[in-house]
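Everything below concerns the one structure shown next.
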Amino acid sequence: MSTYPQIHHHGGASGVTGSCHRLQISADRALLIDCGLFQGQDADALDGFEQLQVRFPVEDVLALVVTHVHIDHIGRLPYLLAAGWRGPILCSVPSARLLPLVIEDALRIGFTRDRALIERFLDEVEGRLVALDYASWHTLLDDDRHRVRVRLKRAGHILGSAYVEVDSLERTTGTSHRTLFSGDLGAPHAPLLPAPKAPWGCDTLVLESTYGDREHEDRRHRRGRLQVAIDRALENGGTVVIPAFSIGRTQELLYELETLIHRAASPRWRDLEIIVDSPLAARFTEVYRELKRWWDAEAHRRLRAGRHPLSFDNLYTVGSHEEHERTVTYLAESGRPAVVIAASGMVSGGRVVNYLKRLLGDPRHCVLFTGYQGAGTPGRDIQRYGPRGGWVELDGERLDIRARVETVSGYSAHADRQDLLNFVRRMRHPPHHIRLVHGEAAAQAALRETLLAWAAGEGHTLEVTLGGDAPKPNFPCL
Numbered sequence: 016m017s018t019y020p021q022i023h024h025h026g027g028a029s030g031v032t033g034s035c036h037r038l039q040i041s042a043d044r045a046l047l048i049d050c051g052l053f054q055g056q057d058a059d060a061l062d063g064f065e066q067l068q069v070r071f072p073v074e075d076v077l078a079l080v081v082t083h084v085h086i087d088h089i090g091r092l093p094y095l096l097a098a099g100w101r102g103p104i105l106c107s108v109p110s111a112r113l114l115p116l117v118i119e120d121a122l123r124i125g126f127t128r129d130r131a132l133i134e135r136f137l138d139e140v141e142g143r144l145v146a147l148d149y150a151s152w153h154t155l156l157d158d159d160r161h162r163v164r165v166r167l168k169r170a171g172h173i174l175g176s177a178y179v180e181v182d183s184l185e186r187t188t189g190t191s192h193r194t195l196f197s198g199d200l201g202a203p204h205a206p207l208l209p210a211p212k213a214p215w216g217c218d219t220l221v222l223e224s225t226y227g228d229r230e231h232e233d234r235r236h237r238r239g240r241l242q243v244a245i246d247r248a249l250e251n252g253g254t255v256v257i258p259a260f261s262i263g264r265t266q267e268l269l270y271e272l273e274t275l276i277h278r279a280a281s282p283r284w285r286d287l288e289i290i291v292d293s294p295l296a297a298r299f300t301e302v303y304r305e306l307k308r309w310w311d312a313e314a315h316r317r318l319r320a321g322r323h324p325l326s327f328d329n330l331y332t333v334g335s336h337e338e339h340e341r342t343v344t345y346l347a348e349s350g351r352p353a354v355v356i357a358a359s360g361m362v363s364g365g366r367v368v369n370y371l372k373r374l375l376g377d378p379r380h381c382v383l384f385t386g387y388q389g390a391g392t393p394g395r396d397i398q399r400y401g402p403r404g405g406w407v408e409l410d411g412e413r414l415d416i417r418a419r420v421e422t423v424s425g426y427s428a429h430a431d432r433q434d435l436l437n438f439v440r441r442m443r444h445p446p447h448h449i450r451l452v453h454g455e456a457a458a459q460a461a462l463r464e465t466l467l468a469w470a471a472g473e474g475h476t477l478e479v480t481l482g483g484d485a486p487k488p489n490f491p492c493l
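Position one of the sequence shown corresponds to residue 16 (the working numbering), numbered consecutively onward.
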């Protein structure tokens, strides 16, 4: 009896970042699902550039399938190519448009600033991109040994995100297997994007578990929390700083802020400055507008009504570093209320750090977290210790936290425990094996119990394993 397919992990098995999963079809044929960077505590466990190295075999990898373009899912792509891999990169049509922008930024920050080298590398990447329409099967391989097909379905996490279905047929035995990789699943009712729909079924599911131990606030409640936080800034003459990744969260927040301004009765709200201080975020927002074909029905209704949820009068973008420095000083000294959205989302670098170094010590201001803060990141420290009047270290400097610190969890772009359960139980033919990945230990353990309790209640035979406990192959896995 065949021992294939097998699933191995080169990252993201027992942490929230560094996602890279190998589907071994046979001893000499495999697929990679994502190839991301490690961040926060996941990166701290590795020495120096060890996290960037591709030490697993690449000669058998038929293709890289990208679920979405967040850096913790594609950031090791330059190193994958440097290791000698030369295959195709499969992704959705929107992701094919966005991926070169992310890789260009990653190269400039962590690889080289040589423009000619960057352009040459981007040409190489773009030459390998294979853009797939959602819900259509793509035959990757069909010979006398195997037929391998890949299909992408909308995941609702960020624009272009997908979960991946892989159908593999071993012709010598006639054995077929459907393996599903969830990537990052979005929460229902997220701005701009339709919610993911459960597939017909699969044999094995590799499922994310980021929020496997908790549930989010509903959309109306989270929007109210956002409004209250900004109302306080208006009263105090302070700034609300929202750390947010340049792609996904920034655009969702702009959508929600446009809603609040549109509905506001107060002149103060209608005059409120919304500042996006990230050249990359500005580029992504422009591309998001170009890709509105993939927005959800609600967003299209707003467009037909003459509203522009990602481009409105109160919105200002900051480009150059000099303009950024002036904006930081202006907000620290003027007392004019504003909302600033700046990367990085976990405060692990980027322009948001400069805002926080100037504003954290002033109680007029507020730091508002709307996304997951990984263990070991400055964002997690501010979120945890700020409400107690604690401190955080940024750029080697210890800063007392006197600004308000608030968290609105409902803006997470990840499905919560109930959403993840719904994804499984709404399948007509749910899997008999689920491998949990992309989550901290407590989240994985809690989701495992939730899934097993559901299966027991339904009389469904289900095995749930944790990514970190998966059998190790005879080659390096992180």
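A virtual CB, placed ideally from N, CA and C, is assigned to each residue, including glycine.
Check whether the Cβ atoms of residue i and residue j sit closer than 8 Å, and answer yes or no.
i: SER363; j: PRO393; result: yes
i: GLY185; j: HIS161; result: Correcting the residue type first, residue 185 is Glu in the shown sequence and not Gly. It is a contact, given that the beta carbons lie within the stated cut-off.
i: VAL291; j: THR265; result: yes
i: ALA244; j: VAL256; result: no
i: LEU200; j: VAL221; result: no
i: LEU466; j: LEU436; result: yes
i: VAL452; j: SER224; result: yes
i: GLY175; j: LEU113; result: yes
i: CYS381; j: GLY198; result: no
i: LEU361; j: GLN54; result: It is worth fixing the name first, because residue 361 is Met in this sequence and not Leu. Yes.
i: ARG404; j: HIS231; result: It should be pointed out that residue 404 corresponds to Gly in this sequence rather than to Arg. Result no, Cβ atoms of GLY404 and HIS231 do not sit closer than 8 Å.
i: MET442; j: TRP215; result: yes
i: PRO72; j: HIS192; result: no
Thinking just about the alpha-carbon of each residue, which of the options is nearest to the one in residue i?
i: VAL80; options: GLN433, SER110, THR225; result: SER110
i: VAL108; options: VAL243, VAL163, HIS192, ILE173; result: ILE173
i: ALA312; options: ALA98, LEU207, ASP233; result: LEU207
i: VAL69; options: GLY90, GLN54, THR82; result: GLY90
i: HIS24; options: THR32, THR18, GLY30, HIS36; result: HIS36
i: ILE397; options: VAL407, GLY391, ALA390; result: VAL407
i: ALA205; options: GLY171, ARG417, ILE416; result: GLY171
i: ASN251; options: THR480, ARG130, ARG419, LYS372; result: ARG419
Report buried or exposed for residue i, applying the criterion of at least 16 other Cβ atoms within 10 angstroms of its Cβ.
i: ASP431; result: buried
i: LEU132; result: exposed
i: ALA318; result: Residue 318 is actually Leu in this sequence, not Ala. LEU318 is exposed by the Cβ-count criterion.
i: SER349; result: exposed
i: MET16; result: In this predicted model, MET16 has a pLDDT of only 44, less than 50, meaning its place in the structure is not dependable enough to derive any value.
i: LEU493; result: Note that LEU493 scores a pLDDT of 48, beneath 50, so its modelled location is shaky; the value from the coordinates is reported in the next line. Under this definition LEU493 is a buried residue.
i: GLY474; result: exposed
i: HIS236; result: exposed
i: THR190; result: exposed
i: TYR345; result: exposed
i: GLU496; result: Residue 496 cannot be examined here, being either before or after the span of the chain that is shown, 16 to 493.
i: ALA485; result: buried
i: THR82; result: buried
i: PRO378; result: exposed
i: HIS315; result: exposed
i: PRO93; result: buried
Look at the alpha carbon of residue i and the alpha carbon of residue j, and state the distance between them as a whole number of angstroms.
i: ALA468; j: LEU275; result: 40 Å
i: ALA320; j: ARG238; result: 21 Å
i: PRO115; j: PRO352; result: 35 Å
i: GLU141; j: TRP309; result: 21 Å
i: PRO445; j: LEU122; result: 40 Å
i: LEU287; j: VAL355; result: 11 Å
i: ALA428; j: LEU268; result: 11 Å
i: ALA259; j: ALA297; result: 13 Å
i: ASP434; j: ARG166; result: 22 Å
i: TYR178; j: HIS448; result: 17 Å
Quick check on residue i: does DSSP put it in helix, strand or coil?
i: HIS277; result: helix
i: PHE327; result: coil
i: HIS453; result: coil
i: VAL181; result: strand
i: TRP469; result: helix
i: MET16; result: Note that MET16 scores 44 on pLDDT, short of 50, meaning its location in the model is unreliable; the coordinates nonetheless yield the value given after this. Coil at MET16, not helix or strand.
i: ILE416; result: coil
i: ALA170; result: coil
i: GLY216; result: strand
i: ILE262; result: coil
i: LEU493; result: Confidence at LEU493 is low in this model, with a pLDDT of 48, below 50, so the placement of that residue should be treated as unreliable; the coordinate-derived value is given next. Coil.
i: ALA353; result: strand
i: VAL302; result: helix
i: ARG441; result: coil
i: HIS231; result: coil
i: ARG424; result: For the sequence presented, residue 424 should be read as Ser rather than Arg. Helix.
i: LEU144; result: strand
i: HIS24; result: strand
i: VAL333; result: coil
Output yes if chain C places a C-beta closer than 8 Å to the C-beta of residue i; else output no.
i: VAL256; result: Although the question refers to chain C, the structure presented lacks it and comprises just one protein chain.
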